[in-house]
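Q: Note that the protein sequences, when read in sequence, are chains X and F. When the count follows numbering that gives the first Met the number 0, it moves up by one through the first sequence with no breaks and lands on 139 for the last residue. When the count follows numbering that gives the first Met the number 0, it moves up by one through the second sequence with no breaks and lands on 132 for the last residue. Positions of the beta carbon are idealized from the N, C-alpha and C atoms, including for glycine.
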Amino acid sequence: MSEKRDFFDLERGQVLGPYPARLDSDHARAYLDATAATATDGSPDRWLPPLQLGALLVGVLIDAIEIPPGLLHTGQSFEFLRPVAPGTELTAELTVAQVAERRGLRLGTVDLELRDAEGACAVGRASVLAPLPSAGGGPA
Amino acid sequence: MSDAAPGHMPPVAPVTRQIDQALVDRYAAAARDPNPIHRDTVEAREGPYGRPIAHGMLVLALVSQMMTEAFGESWAATGQLAVRWRAPAIPPVAVTAAATPAQHADGRLRYSVRCTAADGELLLDGSASLRLA
Chain X
0 MSEKRDFFDL ERGQVLGPYP ARLDSDHARA YLDATAATAT DGSPDRWLPP LQLGALLVGV
60 LIDAIEIPPG LLHTGQSFEF LRPVAPGTEL TAELTVAQVA ERRGLRLGTV DLELRDAEGA
120 CAVGRASVLA PLPSAGGGPA
Chain F
0 MSDAAPGHMP PVAPVTRQID QALVDRYAAA ARDPNPIHRD TVEAREGPYG RPIAHGMLVL
60 ALVSQMMTEA FGESWAATGQ LAVRWRAPAI PPVAVTAAAT PAQHADGRLR YSVRCTAADG
120 ELLLDGSASL RLA
């Protein structure tokens, strides 16, 4: 992972990545254990838990930016475009869709895309906010 | 399945999980999330809740688990989620994910989804939809 970006310096249209990623069956079982989930027919042996792809994208976002005090993840959307087999070579890319400042808060929305060899396999949008440093910067 | 009124959509069974700090710690490791507000740290103790809170994505995982149990690979192939977090889940807490049929149009089933704490507090709400194979 390259150097982290300051959340308050993100600009609309800025692209972060691409970042290579891979989730194997052991990762999938650890994810199921960590979410108190049970294996289902086909998952995780044939296809990864869909939200694990989302968690991977959010993890890439967390890795890509310096988390300011009080950052809140307020909203999230995902679209799963096809099942992804364990061990698939993946690429994550993030695009800053919107930034705004309102009432002492910095709001950001970031588009998330995960690709395999066929193209996009999961996409999403994360909404986050954090107090502006000049607003005190304490945890929200 | 042809388009039909929400009342004729397949029911989705709710999922309840106990979220305790051990589970949150396992999720932090599995998701590689270093945010100290999810662990027993000074930041969590001095934060607005006075203690660690569960990851929003851990709460959301119950929704995806519920949809996976109901629809299997169709959820992995065509699922869509859009949610907003309304309150933090503070461990230990039993969280229930539930889905209510909302719309069946253009071959797509859409459910209103929500996660609530055992005391009824709304933690998350939004929608989940999919197209059946």
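Which residues in the same chain as X/Pro49 place their Cβ atom closer than 7 angstroms to its Cβ, once the five residues preceding and following it in sequence are excluded?
A: In the first sequence, residue 49 of chain X corresponds to position 50, counting from 1. Around X/Pro49: Phe79.
Q: Under 8 angstroms between C-beta atoms, does X/Val127 make it to chain F?
A: Locating residue 127 of chain X in the first sequence gives position 128, counting from the first residue. Not an interface residue.
Q: Between which residues of its own chain and F/Glu42 is the CB-CB distance below 8 angstroms, once the five residues before and five after are set aside?
A: Position 43 of the second sequence, counted from the first residue, corresponds to residue 42 of chain F. Once the five neighbours on either side are set aside, the close Cβ partners of F/Glu42 are Pro35, Ile36.
Q: If the cut-off is 8 angstroms on Cβ atoms, which residues from the segment 4-30 of chain F count as contacting chain X, listed in chain order?
A: For the segment 4-30 of chain F, which is checked against every Cβ of chain X, the residues closer than 8 angstroms are Arg16, Gln17, Ile18, Leu22, Arg25, Tyr26, Ala28, Ala29, Ala30.
Q: Starting from F/Ser73, trace the alpha helix (DSSP H) in both directions and tell me its first and last residue.
A: Position 74 of the second sequence holds residue 73 of chain F. 72-77 is the span of the alpha helix (DSSP H), which, as asked, contains F/Ser73.
Q: Less than 8 angstroms between the CB atoms is what I'm expecting for X/Leu89 and X/Asp62, so what's the real figure, rounded?
A: By 1-based counting over the first sequence, the position of residue 89 of chain X is 90. By 1-based counting over the first sequence, the position of residue 62 of chain X is 63. Not quite, the Cβ-Cβ distance comes to about 14 angstroms (not below 8 angstroms), so this is no contact.
Q: I need the straight-line Cα distance from X/Asp25 to F/Pro91, nearest angstrom please.
A: The count along the first sequence starts at 1 and reaches residue 25 of chain X at position 26. The count along the second sequence starts at 1 and reaches residue 91 of chain F at position 92. Computed Cα separation, rounded: 27 angstroms.
Q: Can you tell me which of X/Asp40, X/Gly53, X/Trp46, X/Gly12 puts its alpha carbon nearest to the alpha carbon of F/Ala29?
A: For the purposes of this step, residue 29 of chain F is taken as the residue at position 30 of the second sequence. Minimum Cα distance to F/Ala29 is reached at X/Gly53.
Q: Tell me X/Gly118's beta-bridge partners as DSSP assigns them.
A: Your numbering for residue 118 of chain X matches position 119 in the first sequence. Note: X/Gly118 sits in a beta bridge opposite X/Asp115.
Q: Return yes when the C-beta of X/Leu80 is under 7 angstroms from any heavy atom of the ligand FMN, and no when it is not.
A: Only the bare structure without any ligand can be found here, which leaves the ligand FMN out of the picture.
Q: Shorter than 8 angstroms from the beta carbon of X/Thr94 to some beta carbon of chain F?
A: Translated into positions along the first sequence, residue 94 of chain X becomes position 95. No, because no Cβ of chain F sits closer than 8 angstroms to the Cβ of X/Thr94.
Q: Just the C-alpha distance for F/Leu59 and X/Ser133, rounded to the nearest angstrom, thanks.
A: Within the second sequence, residue 59 of chain F is the residue found at index 60, counting from 1. Within the first sequence, residue 133 of chain X is the residue found at index 134, counting from 1. For F/Leu59 and X/Ser133, the distance between alpha carbons rounds to 32 angstroms.
Q: Kindly list the residues whose CB is nearer than 7 angstroms to the CB of F/Thr99, restricted to its own chain and excluding five residues on each side of it in sequence; keep chain order.
A: By one-based count along the second sequence, residue 99 of chain F stands at place 100. The answer, listed in chain order, is Tyr110, Ser111.
Q: Which partner residues of X/Ala99 appear in the DSSP bridge assignment?
A: Reading the first sequence from its first residue, position 100 is the one you call residue 99 of chain X. Beta-bridge pairing links X/Ala99 to X/Leu106.
Q: Can you give me the Cβ contacts of F/Ala4 inside the same chain, cut-off strictly under 8 angstroms, excluding the 5 residues immediately before and after it?
A: Here residue 4 of chain F is taken as the residue at index 5 of the second sequence, counted from 1. Cβ neighbours of F/Ala4 beyond the five flanking positions: His103.
Q: By a C-beta neighbour count over all protein chains shown, 10 Å radius and 16 as the cutoff for buried, is X/Gly123 buried or exposed?
A: Residue 123 of chain X sits at position 124 when you count from the first residue of the first sequence. Answer is buried; the Cβ neighbour count reaches 16.
Q: Since F/Arg83 contacts F/Asp124 with CB under 8 angstroms, what's their CB separation in whole angstroms?
A: Stepping through the second sequence from its first residue, residue 83 of chain F is reached at position 84. Stepping through the second sequence from its first residue, residue 124 of chain F is reached at position 125. Yes, they are in contact, since the Cβ atoms of F/Arg83 and F/Asp124 sit about 7 angstroms apart, within 8 angstroms.
Q: Just to confirm the assignment, what range does the beta strand (DSSP E) spanning F/Ala97 have?
A: Position 98 of the second sequence, counted from the first residue, corresponds to residue 97 of chain F. Run containing F/Ala97: 92-104, per the beta strand (DSSP E) assignment.
Q: Beta-carbon of X/Ala139 versus every beta-carbon of chain F: anything under 8 angstroms?
A: Here residue 139 of chain X refers to the residue found at position 140 when the first sequence is read from its first residue. In this predicted model, X/Ala139 has a pLDDT of only 39, less than 50, meaning its place in the structure is not dependable; the value taken from the coordinates is given anyway. X/Ala139 counts as touching chain F.
Q: Please report the straight-line C-alpha distance between X/Pro82 and F/Tyr48, rounded to a whole angstrom.
A: For this step, residue 82 of chain X is matched to residue 83 along the first sequence. For this step, residue 48 of chain F is matched to residue 49 along the second sequence. Looking at the two C-alpha atoms, the distance is approximately 38 angstroms.
Q: Roughly how many angstroms separate the alpha carbons of X/Arg4 and X/Leu70, rounded to a whole number?
A: Numbered from 1 along the first sequence, position 5 holds the residue referred to as residue 4 of chain X. Numbered from 1 along the first sequence, position 71 holds the residue referred to as residue 70 of chain X. Computed Cα separation, rounded: 14 angstroms.
Q: Look at the alpha carbon of F/Ala96 and the alpha carbon of X/Asp8, and state the distance between them as a whole number of angstroms.
A: Within the second sequence, numbered from 1, the residue matching residue 96 of chain F stands at position 97. Within the first sequence, numbered from 1, the residue matching residue 8 of chain X stands at position 9. In a straight line, the C-alpha of F/Ala96 is about 36 angstroms away from that of X/Asp8.
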